[in-house]
Each structure stands twice: as structure tokens, then as C-alpha cells.
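I have placed the structure first, in the form of C-alpha cells, so that the comments after it can refer back to it.
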């Protein structure tokens, strides 16, 4: 009887121990890659925030030339997820279009040196944002490949991991915010 109990215990131990080790290894691997996704998200957020700041400065200049124009300052939401970043980017694109249209109506404004400096800076920000977005999506691809690999895909949801969303918007500011979901892990 004792031999049956120890044999059963040994069998359970030999099965459970590798499963626990695999779950721990999977958790650590996905957690490391999830941190890389968060870092990439932060980099995109900083680039979009910089653009918002420049657009707000441009709005202040437009206000000084055209007292009748009313522009509200925009700021990036504290949410550090793809949807909030994409919405802020889209809003900055819309605001920039409005400001550039206002500048077209005021030729003396378009001749302003500060206007040209800010527009050039905003264009550089667009390049930075696109590079940060590309790096973000590469990081997400790496994470999602690890997440979706067999047998990790069987264990990851139980460990609190989900697939990460890609950040998709174009240089004109168009975005489909409903296509993006929040990326959350434990």
C-alpha cells in the first residue's frame, strides 16, 4: 500500500514539476516582452506629446494674429494605451489642419519666421512618431509571436497575458480608434 502511494506521489511530482517550470519560464518570457511593449508605447506617447506641444504653440501664434480664432490646448491623456495615443494623434492632425487653414487666410502670418520654425518642427515630429510607431509595432510583433507560439498560447491566458494590439495610424492623422484595444497584462 505504501509503495502505491509513493509511486503515485512520484508520478504526480514528475508531471507537475515540469508543468510548473514551463509555466514559470513562459511567465518570465512574456513579462519581459510585455515590458518591451510598454517601453515602446511610452516612446510613441512621448513623440505624440511633443507634437501636441508644438501644435499648441502654433495655436498660440495663430491666436496672436487672429484674435477671433479660439483654439483650445490639447494634451495627451494619462492613459498609456494604444487607443489614447491614437486618438491624441488624430486630434493633433485635425487641430493642425485647422491651424494651417487659418494661416492660409492670413498671409502676414505665413510670412512669420516662428510659424515656419514650428511647422518644420512638427514635420520632424511626424517622422519621429512614424519611427516610434514602427519600433512599437516591431516590438508588438515579437511579443505576439512569442504569445501565439505553441504551447505558450495554451498557458499565457491563464497567466494573465493577452495579445498586444498594433498601433495603426497614418501621417495625415486618420485613425480608426475602434480597431485598437488596450494592452493589459497581470
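Numbering (the working numbering), first residue to last: 28 to 213.
We put the beta carbon where it would ideally sit given N, CA and C, even for glycine.
Given the structure is predicted, the values throughout are model-derived calculations rather than measurements.
(message) Here's the rule I'm using: 16 or more other beta-carbon atoms within 10 Å means buried, otherwise exposed. How should residue 78 be labelled?
(response) Around the beta carbon of residue 78, 16 or more other beta carbons sit within 10 angstroms, so the residue counts as buried.
(message) Whether or not the segment 124–141 and the segment 53–72 are in contact is what I'm after, with contact meaning three or more pairs of Cβ atoms, one per stretch, closer than 8 Å; do they touch?
(response) Cβ pair count under 8 Å is below three, so no.
(message) Please state the DSSP three-state secondary structure of residue 70.
(response) Helix at residue 70.
(message) Am I right that residue 126 and residue 81 are in contact with their C-beta atoms under 8 Å? What's the rounded C-beta distance?
(response) Between residue 81 and residue 126 the Cβ distance is about 11 Å, and since that is not below 8 Å, they are no contact.
(request) Quick one: residues in its chain with C-beta nearer than 6 Å to the C-beta of residue 53, no 5 flanking neighbours on either side, listed in chain order? (result) Listed in chain order, the non-local C-beta contacts of residue 53 below 6 Å within the same chain comprise 179 and 182, local neighbours out to five positions each way being set aside.
(request) Enumerate in chain order the residues of its own chain whose CB-to-CB distance from residue 163 is below 6 Å, with the five nearest sequence positions on each side excluded. (result) When the five nearest sequence neighbours on each side are left out, the beta carbons in the same chain lying within less than 6 Å of the beta carbon of residue 163 are those of 67, 71 and 194, in order along the chain.
(message) Tell me which residue opens and which closes the alpha helix (DSSP H) that residue 164 is part of.
(response) For residue 164, the enclosing alpha helix (DSSP H) begins and ends at 140–175.
(request) Please say whether residue 170 and residue 60 have beta carbons closer to each other than 8 Å? (result) Between residue 60 and residue 170, the CB-CB gap stays under 8 Å.
(request) Just the C-alpha distance for residue 50 and residue 34, rounded to the nearest angstrom, thanks. (result) Cα-Cα distance, rounded: 24 Å.
(request) Within 10 angstroms of the Cβ of residue 119, are there 16 or more other Cβ atoms? Answer buried if so, exposed if not. (result) That one is buried.
(message) In this structure, how does DSSP classify residue 38 when only helix, strand and coil are distinguished?
(response) It is helical.
(message) Tell me the residue span of the alpha helix (DSSP H) that contains residue 127.
(response) From DSSP, the alpha helix (DSSP H) with residue 127 extends over 109–131.
(request) Taking all protein chains shown into account, decide if residue 167 is buried (16 or more other Cβ within 10 angstroms of its Cβ) or exposed. (result) It counts as buried.
(request) Output the distance between the C-alpha atoms of residue 213 and residue 188, rounded to the nearest integer angstrom. (result) Confidence at residue 213 is low in this model, with a pLDDT of 45, below 50, so the placement of that residue should be treated as unreliable; the coordinate-derived value is given next. Those two C-alpha atoms are separated by around 7 Å.
(message) Out of 32, 47 and 28, which one is the CA nearest neighbour of residue 185?
(response) Comparing Cα-Cα distances from residue 185 to each of 32, 47 and 28, the minimum goes to 47.
(message) Can you tell me whether residue 136 is helix, strand or coil according to DSSP?
(response) In the structure shown, residue 136 adopts helical secondary structure according to DSSP, grouped into three states.
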